[in-house]
Amino acid sequence: MLLSACLRKKIPQQTMSLKRFMLRVEALKLYRNVLRQAQQLPDPTQRRDVQEWVRADFDTHRHHEDEETIKRLIMQGKQQLEELEKTIKRTK
1 MLLSACLRKK IPQQTMSLKR FMLRVEALKL YRNVLRQAQQ LPDPTQRRDV QEWVRADFDT
61 HRHHEDEETI KRLIMQGKQQ LEELEKTIKR TK
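In UniProt numbering, the protein residues as written are 1 to 92.
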(Lines of atoms letter the chains of each structure in order from A; the text may use other names.)
(Lines give C-alpha, C1' and ligand atoms only; values in the text may rest on other atoms or scores of the structure.)
Protein backbone atom coordinates (compact mmCIF):
# COMPACT_ATOMS: atom_id res chain seq x y z
CA MET A 1 0.00 0.00 0.00
CA LEU A 2 2.71 2.46 1.00
CA LEU A 3 4.87 1.41 -1.96
CA SER A 4 2.13 2.11 -4.49
CA ALA A 5 1.57 5.55 -2.97
CA CYS A 6 5.28 6.34 -3.30
CA LEU A 7 5.34 5.15 -6.90
CA ARG A 8 2.30 7.23 -7.77
CA LYS A 9 4.09 10.35 -6.52
CA LYS A 10 7.07 9.70 -8.78
CA ILE A 11 5.03 9.15 -11.94
CA PRO A 12 4.23 12.48 -13.62
CA GLN A 13 0.53 13.24 -13.58
CA GLN A 14 0.51 14.39 -17.19
CA THR A 15 2.52 12.10 -19.41
CA MET A 16 3.37 12.86 -23.00
CA SER A 17 1.60 10.98 -25.79
CA LEU A 18 3.72 8.89 -28.12
CA LYS A 19 3.06 11.31 -30.99
CA ARG A 20 4.12 14.28 -28.85
CA PHE A 21 7.20 12.38 -27.67
CA MET A 22 8.20 11.64 -31.27
CA LEU A 23 7.81 15.32 -32.19
CA ARG A 24 10.00 16.24 -29.24
CA VAL A 25 12.67 13.77 -30.37
CA GLU A 26 12.52 15.19 -33.90
CA ALA A 27 12.82 18.77 -32.62
CA LEU A 28 15.83 17.91 -30.45
CA LYS A 29 17.47 16.10 -33.37
CA LEU A 30 16.93 19.17 -35.57
CA TYR A 31 18.39 21.41 -32.85
CA ARG A 32 21.54 19.29 -32.59
CA ASN A 33 21.91 19.08 -36.38
CA VAL A 34 21.67 22.85 -36.82
CA LEU A 35 24.24 23.45 -34.08
CA ARG A 36 26.56 20.88 -35.69
CA GLN A 37 26.22 22.62 -39.05
CA ALA A 38 26.92 25.98 -37.42
CA GLN A 39 30.24 24.53 -36.22
CA GLN A 40 31.21 24.19 -39.89
CA LEU A 41 31.03 27.95 -40.50
CA PRO A 42 34.54 29.29 -41.10
CA ASP A 43 34.00 32.68 -39.45
CA PRO A 44 33.85 32.49 -35.62
CA THR A 45 31.60 35.55 -35.43
CA GLN A 46 29.09 34.03 -37.86
CA ARG A 47 29.29 30.73 -36.02
CA ARG A 48 28.51 32.36 -32.68
CA ASP A 49 25.69 34.46 -34.19
CA VAL A 50 24.04 31.41 -35.74
CA GLN A 51 24.36 29.42 -32.51
CA GLU A 52 22.80 32.24 -30.49
CA TRP A 53 20.02 32.65 -33.05
CA VAL A 54 19.23 28.92 -33.01
CA ARG A 55 19.16 28.76 -29.22
CA ALA A 56 16.95 31.84 -28.98
CA ASP A 57 14.59 30.58 -31.70
CA PHE A 58 14.14 27.17 -30.10
CA ASP A 59 13.68 28.78 -26.69
CA THR A 60 11.05 31.15 -28.08
CA HIS A 61 8.98 28.26 -29.45
CA ARG A 62 9.50 25.91 -26.51
CA HIS A 63 6.01 26.53 -25.06
CA HIS A 64 3.99 25.32 -28.08
CA GLU A 65 1.67 22.40 -27.34
CA ASP A 66 -0.29 22.14 -30.61
CA GLU A 67 1.06 19.26 -32.69
CA GLU A 68 0.35 20.96 -36.02
CA THR A 69 2.22 24.07 -34.92
CA ILE A 70 5.17 21.96 -33.79
CA LYS A 71 5.20 20.07 -37.11
CA ARG A 72 5.16 23.37 -39.02
CA LEU A 73 8.03 24.73 -36.94
CA ILE A 74 10.05 21.55 -37.51
CA MET A 75 9.49 21.81 -41.27
CA GLN A 76 10.62 25.45 -41.22
CA GLY A 77 13.67 24.45 -39.21
CA LYS A 78 14.56 21.72 -41.70
CA GLN A 79 14.32 24.22 -44.56
CA GLN A 80 16.59 26.63 -42.70
CA LEU A 81 19.03 23.78 -42.03
CA GLU A 82 19.16 23.05 -45.77
CA GLU A 83 19.86 26.73 -46.46
CA LEU A 84 22.63 26.73 -43.87
CA GLU A 85 24.15 23.60 -45.45
CA LYS A 86 24.07 25.26 -48.90
CA THR A 87 25.69 28.41 -47.50
CA ILE A 88 28.47 26.40 -45.90
CA LYS A 89 29.13 24.47 -49.13
CA ARG A 90 29.42 27.76 -51.04
CA THR A 91 31.99 29.14 -48.60
CA LYS A 92 34.29 26.12 -48.93
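Beta carbons: idealized from backbone N, C-alpha and C, even for Gly.
Distance from the CA atom of L73 to the CA atom of R24, rounded to whole angstroms, is 12 Å. Bounds of the alpha helix (DSSP H) holding R32 are L18 to A38. In the same chain as L84, and ignoring 5 residues on each side of it, the C-beta atoms closer than 8 Å to its own belong to V34, Q37, A38 and V50, in chain order. In the DSSP assignment, R62 falls outside any alpha helix (DSSP H) and carries neither an H nor an E. Taking every protein chain shown into account, the CB of L30 has 16 or more other CB atoms within 10 angstroms, so this residue is buried.
Annotation for Q76: the continuous alpha helix (DSSP H) segment containing it runs E67 to T91. Straight through space, the alpha carbons of E82 and P44 are spaced by roughly 20 Å. Take T91, set aside five residues on each side of it, and the residues of its chain with a beta-carbon closer than 7 Å to its own are P42, in chain order.
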